[in-house]
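Take 1 as the starting number for the sequence shown in full-length UniProt numbering and just add one per residue. C-beta: ideal position from N, C-alpha, C; glycine also.
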Amino acid sequence: MTCAPYDASLPRRDTIPLAPINISAGIDIPVGSIIYRGAWYGGDPGMYHLLCTSTRPPETVNYTYNLGIQSAPMTLANTAQYDGKVYNTTIPGIGVIISDGANAVSQSAPYANGGIRQLTMNSRYMSHMIYGSTRYLSLIKIGPIYPGSYALNASSLPTAMIYYDNAPGYPVIPGLPVVSNILEFSGSINITAQTCTTPDIIVPMGSYDANQDFDGVGSTTGWIKTNLELKNCPAFYGFYDASNTAQLFNWDQGGASHIPAPTSNTIGAYFAPNTAIVDSANGIMSIDTSAPSSASGVGIQLGWGDGAPVPFNLSVAQILTLPRDGRSNVSVPLYARYIQTDGIITPGRADGKVTFTISYY
1 MTCAPYDASL PRRDTIPLAP INISAGIDIP VGSIIYRGAW YGGDPGMYHL LCTSTRPPET
61 VNYTYNLGIQ SAPMTLANTA QYDGKVYNTT IPGIGVIISD GANAVSQSAP YANGGIRQLT
121 MNSRYMSHMI YGSTRYLSLI KIGPIYPGSY ALNASSLPTA MIYYDNAPGY PVIPGLPVVS
181 NILEFSGSIN ITAQTCTTPD IIVPMGSYDA NQDFDGVGST TGWIKTNLEL KNCPAFYGFY
241 DASNTAQLFN WDQGGASHIP APTSNTIGAY FAPNTAIVDS ANGIMSIDTS APSSASGVGI
301 QLGWGDGAPV PFNLSVAQIL TLPRDGRSNV SVPLYARYIQ TDGIITPGRA DGKVTFTISY
361 Y
């Protein structure tokens, strides 16, 4: 038995444009996170891949259908992510994998999708093809991503191939391997990994009457918007991961792409009181009582959310979805109010201070 490419048009070479042009990568996302995933869909090839010839049918054909790397301009990254099959890119902290969705590949370690496959030849000649294949290009965080804007050119990305090969442990079939598809990428993507400035602010909490504005432990004043803003922000374009993969190439639609709306970037805001915490779960901190003129019997409660702020746990980051409209200033929905913490309130100043830390995702 022998097998060969069905005709001289094989392998089919698909050029896959990268899209969209811009994405954003949060500098604080965990190592191993996907910041971009694009898909190639092979569809119905419309022609056979293999032509096998038997001298004594019926015969059984045992073979594998593999995803591999034809060429890789960059070296493998020094990371255990994806079993060490992550290639470097020209951007520090960002690597790239070629996969079937779950299994990444390298030049030395292809992946046999579907394991060992089997066909039976009942006549002297047999034509065969596999259709409906989907393969992925993913950009992965593999180390620190430093603030900046970076261009990733497709010329630095691996070129993938899909091919038929001999099945391990079975008789060798002369003529294999046969490459059915070559997947090469074109264009470029701009990746922004920038941050905003976060200036200090003073929040006027107002003046209150201990006898008229409070009526017992747990009573509160009205919420005060802190007017905390992220300033001088870059445009946050969002990103594409496994939940909203960018369809870069669909053979059944003439190679057309379909790019869904990106997943919006977010921030995680941590608020650490500089005074004692009274009730972390309910966002209550003590006021500064170091001065003789300080009040007592009240604390400051923090709340999150425009419209109807809700007290939050001080040990948990508050998540804010960042707009994708390019605005340079982003309002943070942090609110504060006084809350009675003791049966007796003594008048005086009721100041407090909070240190906030912003993480970008």
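Taking buried to mean at least 16 other C-beta atoms within 10 Å of its own C-beta, is VAL179 buried or exposed? For the purposes of this step, residue 179 is taken as the residue at position 179 of the sequence shown. VAL179 is buried by the Cβ-count criterion.
Which partner residues of ASN62 appear in the DSSP bridge assignment? Sequence index remark: in the sequence shown, residue 62 carries index 62 (1-based). The partner list for ASN62 (beta bridge, DSSP) reads GLN118.
Between which residues of its own chain and PRO234 is the CB-CB distance below 6 Å, once the five residues before and five after are set aside? Within the sequence shown, numbered from 1, the residue matching residue 234 stands at position 234. The beta carbon of PRO234 sits closer than 6 Å to the beta carbons of THR192, GLN194 from its chain, once the five residues preceding and following it are set aside; these are given in chain order.
Excluding sequence positions up to five away, which residues of its chain have a Cβ less than 6 Å from the Cβ of TYR41? Counting from 1 along the sequence shown, the entry for residue 41 is found at position 41. Taken in chain order, the residues that qualify are THR134, ASN250.
Going by C-alpha distance, which of TRP304, PHE356, LEU320, ASP7 is nearest SER127? Working through the sequence shown from its first residue, we reach residue 127 at position 127. Ranking the options by Cα distance to SER127, first place goes to ASP7.
Nearest to ASP342 by CA position, among THR220, LEU230, SER293, ALA291, is which residue? One-based indexing of the sequence shown puts residue 342 at position 342. Comparing Cα positions, the closest option is THR220.
For the ligand FMN, is there a heavy atom less than 7 Å away from the beta-carbon of THR197? This structure lacks the ligand FMN, and indeed carries no ligand of any kind.
Who are TRP223's beta bridge partners in DSSP? By one-based count along the sequence shown, residue 223 stands at place 223. TRP223 is not bridged to any residue.
When burial is assigned at 16 or more other CB atoms within 10 Å of the CB, is GLY238 buried or exposed? For the purposes of this step, residue 238 is taken as residue 238 along the sequence shown, with counting starting at 1. Per the 10 Å Cβ criterion, buried.
Once you ignore the five residues that flank PRO273 on each side, which residues in its own chain have a CB closer than 6 Å to its CB? To locate residue 273, count along the sequence shown from 1; it is residue 273. Cβ contact annotation for PRO273 (same chain, cutoff 6 Å, sequence separation greater than five): MET285, VAL354, in chain order.
Nearest residue (CA-CA) to ILE344, options LEU230, ASP215, GLN81: As a working mapping, residue 344 is identified with position 344 in the sequence shown. Of the candidates LEU230, ASP215, GLN81, the one whose C-alpha sits nearest the C-alpha of ILE344 is ASP215.
Would you say the region 274-284 touches the region 321-334, given that touching needs at least three Cβ pairs under 8 Å? By the criterion of at least three beta-carbon pairs nearer than 8 Å, the region 274-284 is not in contact with the region 321-334.
Terminal residues of the beta strand (DSSP E) in which TRP304 lies: Taking the sequence shown and counting its residues from 1, one reaches residue 304 at position 304. Counting along the chain, TRP304 sits inside the beta strand (DSSP E) bounded by residues 298-304.
Could you tell me which residues DSSP pairs with ILE97 in its beta bridges? To locate residue 97, count along the sequence shown from 1; it is residue 97. Residue pairing for ILE97: DSSP places it in a beta bridge opposite SER138.
With DSSP as the reference, label ASP83 as helix, strand or coil. As a working mapping, residue 83 is identified with position 83 in the sequence shown. Under the three-state reduction of DSSP, ASP83 is assigned to helix.
Do LEU334 and THR197 have their CB atoms nearer than 8 Å? Indexing the sequence shown from 1 puts residue 334 at position 334. Indexing the sequence shown from 1 puts residue 197 at position 197. Against a cut-off of 8 Å, the Cβ pair of THR197 and LEU334 comes out as no contact.
Terminal residues of the beta strand (DSSP E) in which GLY38 lies: Along the sequence shown, read from residue 1 onward, the residue named residue 38 stands at position 38. Its beta strand (DSSP E) spans residues 34-41.
Three-state class that DSSP yields for ASP215 in the structure shown: On the sequence shown, residue 215 is found 215 positions in, with the first residue counted as 1. If DSSP states are grouped into helix, strand and coil, ASP215 belongs with coil.
Within 10 Å of its beta-carbon, does GLN318 have 16 or more other beta-carbons around it, so buried, or fewer, so exposed? As a first step, residue 318 is located in the sequence shown; it is residue number 318 there, counting from the start. Answer is buried; the Cβ neighbour count reaches 16.
In whole angstroms, what separates the C-alpha of ILE224 from that of ASN265? Here residue 224 corresponds to residue number 224 of the sequence shown, with the count starting at 1. Here residue 265 corresponds to residue number 265 of the sequence shown, with the count starting at 1. CA-to-CA, the gap between ILE224 and ASN265 works out to about 27 Å.
From CYS3, LEU67, GLU59, residue whose alpha carbon lies closest to that of GLY114: In the sequence shown, residue 114 corresponds to position 114, counting from 1. Measuring from the Cα of GLY114, the nearest candidate turns out to be LEU67.
Taking 8 Å as the cut-off, decide whether the C-beta atoms of ALA246 and SER188 are in contact. In the sequence shown, the residue the question calls residue 246 occupies position 246. In the sequence shown, the residue the question calls residue 188 occupies position 188. Judged by beta-carbon spacing, SER188 lies beyond the 8 Å limit of ALA246, meaning their Cβ atoms are not closer than that value.
Cβ atoms of ALA4 and LEU51: under 8 Å apart, would you say? In the sequence shown, residue 51 corresponds to position 51, counting from 1. In the sequence shown, residue 4 corresponds to position 4, counting from 1. Yes; because the gap between Cβ atoms is below 8 Å, this pair is in contact.
Taking only three categories from DSSP, how would you classify SER328? Start at 1 with the first residue of the sequence shown, and residue 328 comes out as number 328. Residue state, collapsed to three classes: coil.
Taking the beta strand (DSSP E) that CYS196 belongs to, which residues open and close that run? Reading the sequence shown from its first residue, position 196 is the one you call residue 196. Counting along the chain, CYS196 falls outside any beta strand (DSSP E), and DSSP gives it neither H nor E.
According to the neighbour-count rule (16 or more other Cβ atoms, all chains shown, within 10 Å of its Cβ), is TYR111 buried or exposed? Residue numbering aside, residue 111 sits at position 111 when the sequence shown is read from its first letter. Classification of TYR111: buried, given that the 10 Å Cβ count is 16 or more.
Would you be able to state if there are at least three C-beta pairs under 8 Å between the region 129-144 and the region 26-42? Contact holds: three or more Cβ-Cβ distances are below 8 Å.
Which listed residue (ILE173, PRO144, PHE312) has its alpha carbon closest to that of TYR63: Taking the sequence shown and counting its residues from 1, the one referred to as residue 63 is at position 63. Ranking the options by Cα distance to TYR63, first place goes to ILE173.
For GLY303 and LEU314, the rounded distance between their alpha carbons: As a first step, residue 314 is located in the sequence shown; it is residue number 314 there, counting from the start. As a first step, residue 303 is located in the sequence shown; it is residue number 303 there, counting from the start. Cα to Cα, the separation comes out at about 10 Å.
Let me know the secondary structure DSSP gives ALA281 once reduced to three states. Here residue 281 is taken as the residue at index 281 of the sequence shown, counted from 1. ALA281 falls in the helix class under three-state DSSP.
Which of the three DSSP states is assigned to SER133 in this structure? Along the sequence shown, read from residue 1 onward, the residue named residue 133 stands at position 133. Correct three-state label for SER133: coil.
Look up ALA112 in the DSSP assignment and give the residues it is bridged to. Here the question's residue 112 lines up with position 112 in the sequence shown. Note: ALA112 sits in a beta bridge opposite ASN66.
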